[in-house]
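Chemist: So the number in my numbering is just where the residue sits in the sequence shown, counting from 1, plus 5.
We put the beta carbon where it would ideally sit given N, CA and C, even for glycine.
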Amino acid sequence: MNYGSGAARVQTLGPSGYDWILTRSIDNIMQEQAGIPVPLGAFKVPVQRILGRNPGPMTGPGTNSYLVGDKELSLIDPGPISLEQLESFLAALGGRQLQYIFCTHTHGDHSPAAMPLAEKTGATLVGLKAPDAMGQDHSFEPSRQWHHGDVVELDGYSLQCIHTPGHVSNHFCYLLREEGLLFTGDHVLQGTTPVILPPDGNMADYLSSLRLVQSLGVKFLAPGHGGLMENPHQEIEQLLQHRLQREAKVIAGLRQLQESGLDDLVVVVYDDVPQHLIPWAKKTLLAHLLKLEKEGRAQQSAERWRAQP
Ligand SMILES: [Zn+2]
């Protein structure tokens with residue numbers, strides 16, 4: 006999982022298993038106190054990060070919620086349901102109106118608090134409904150069908166929906182257009198690479214969505230986990246290279262083994278990953294193989310895989 010220089014720090018994954026594998030150290034927010042708003046950068050549009058109360062192997066320091074605006078406020082990714090965190094959000098609002106709640110996707114560490122918070126505040130919900138897949142929050146009911154390119158205009162700022170399928174099919178990033186700041190959910194993470202879980206997770210879509218974000222020319226990435234990233238082009242290039250290097254290892258592994266099941270192949274392709282991460286690596290391996298199969302570069306028969314000559 007190492008795609009930077011030096012030793013990768015790989016942590017274990019939690020039971021819910023849907024988010025990511027930590028591959029580099031997460032900086033600057035490990036010390037942040039959950040529930041306490043912290044200003045994010047020196048933006049004209051006020052943005053505050055509120056760290057979730059859900060630190061763990063799957064979530065790093067916790068899920069980042071972002072409070073945007075001054076008079077008309079928006080909250081991005083309220084996270085899992087927590088009475089304490091709900092109180093923290095209300096305290097951060099300080100009596101001001103929460104107009105919108107944006108959810109990047111419906112994994113359990115991003116969206117479940119949206120419905121109770123909307124009930125308390127009357128906020129409008131933006132995002133896409135949960136797909137029929139494992140680990141999804143089906144309670145999330147967006148106010149309407151939202152589409153790629155939709156813009157929500159608020160007092161002093163606007164947020165645009167950018168559809169970024171891959172990690173999951175219903176993933177949106179949200180662009181704060183006035184600042185060139187993209188809220189990336191689990192599409193681009195700081196210090197990590199998200200797990201792609203087929204069939205809803207799709208490697209080809211993931212790579213296309215990375216290129217889409219790269220083409221936006223944004224200035225900052227505010228991830229769902231980890232700190233603010235100030236070199237979007239470089240960060241995304243690293244992610245792309247990491248995936249393509251892994252793909253090359255998949256092809257090499259298939260050639261070496263000639264024909265193999267996932268259990269044998271994963272050991273060869275993820276020879277840099279500790280044993281306890283292998284079950285998760287296997288899922289992302291399948292995502293790579295399905296992409297290669299679609300491209301006519303690998304084929305399967307009775308769950309045995311081989312390279313296409
Ligand atoms: Zn996720």
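At what residues does the beta strand (DSSP E) containing residue 311 begin and finish?
Modeler: Where residue 311 is concerned, the enclosing beta strand (DSSP E) stretches over 309–312.
Chemist: Using CA atoms only, rank isn't needed, just tell me which of 136, 107 and 295 is closest to residue 128.
Modeler: Taking only the C-alpha atoms, the option nearest residue 128 is 107.
Chemist: Pop quiz: residue 5 and residue 244 are said to be a contact at Cβ under 8 angstroms. What is the actual Cβ separation, rounded to whole angstroms?
Modeler: This structure does not reach residue 5, given that the chain is present from 6 up to 314, and the question cannot be answered.
Chemist: Considering only the beta carbon of each residue, do residue 92 and residue 40 sit closer than 9 angstroms?
Modeler: Against a cut-off of 9 angstroms, the Cβ pair of residue 40 and residue 92 comes out as a contact.
Chemist: With 16 as the cutoff for other CB atoms within 10 Å, does residue 281 come out buried or exposed?
Modeler: The residue in question, residue 281, is exposed, as its Cβ has fewer than 16 Cβ neighbours within 10 Å.
Chemist: If you measure between the beta carbons of residue 130 and residue 139, is that distance less than 9 angstroms?
Modeler: The answer is no: Cβ separation not under 9 angstroms.
Chemist: Ligand 2 heavy atoms versus the CB of residue 199: any closer than 8 angstroms?
Modeler: As presented, the structure is devoid of ligand 2, carrying ligand 1 as its sole ligands.
Chemist: Can you list, in chain order, the stretches of the beta strand (DSSP E) that have 3 or more residues and sit fully within the segment 56–99?
Modeler: Here the runs fully enclosed are 69–73 and 78–81.
Chemist: For residue 250, which of helix, strand or coil comes out of DSSP?
Modeler: Residue 250 falls in the helix class under three-state DSSP.
Chemist: Below 9 angstroms between beta carbons: does that hold for residue 113 and residue 155?
Modeler: It is not a contact, given that the beta carbons lie outside the stated cut-off.
Chemist: Here's a check: name, in chain order, each residue in its chain whose Cβ is nearer than 7 angstroms to the Cβ of residue 238, leaving out the five neighbours to either side.
Modeler: Closer than 7 angstroms at Cβ, skipping near neighbours: 219.
Chemist: Would you kindly check if the distance between the Cβ of residue 82 and the Cβ of residue 188 is under 9 angstroms?
Modeler: Cβ distance < 9 angstroms, so residue 188 and residue 82 count as in contact.
Chemist: So for residue 198, helix, strand or coil by DSSP?
Modeler: Looking at residue 198 - three-state DSSP - the assignment turns out to be strand.
Chemist: Thinking C-alpha only, which one of 77, 45 and 85 is nearest residue 64?
Modeler: The shortest C-alpha separation from residue 64 is found at 85.
Chemist: Say the cut is 8 angstroms; is the CB of residue 258 nearer than that to a heavy atom of ligand 1?
Modeler: Result no, Cβ not under 8 angstroms from ligand 1.
Chemist: Would you check if there are 3 or more beta carbon pairs closer than 8 angstroms linking the segment 217–235 to the segment 172–192?
Modeler: Yes, they touch.
Chemist: So residue 272 and residue 255 are in contact, right, with Cβ under 8 angstroms, and what is the actual spacing, rounded?
Modeler: At roughly 13 angstroms, the Cβ-Cβ gap does not stay under 8 angstroms, so residue 272 and residue 255 are not in contact.
Chemist: Return yes when the C-beta of residue 173 is under 8 angstroms from any heavy atom of ligand 1, and no when it is not.
Modeler: Yes.
Chemist: Measure the Cβ-Cβ separation of residue 198 and residue 248 and say whether it is below 9 angstroms.
Modeler: Against a cut-off of 9 angstroms, the Cβ pair of residue 248 and residue 198 comes out as a contact.
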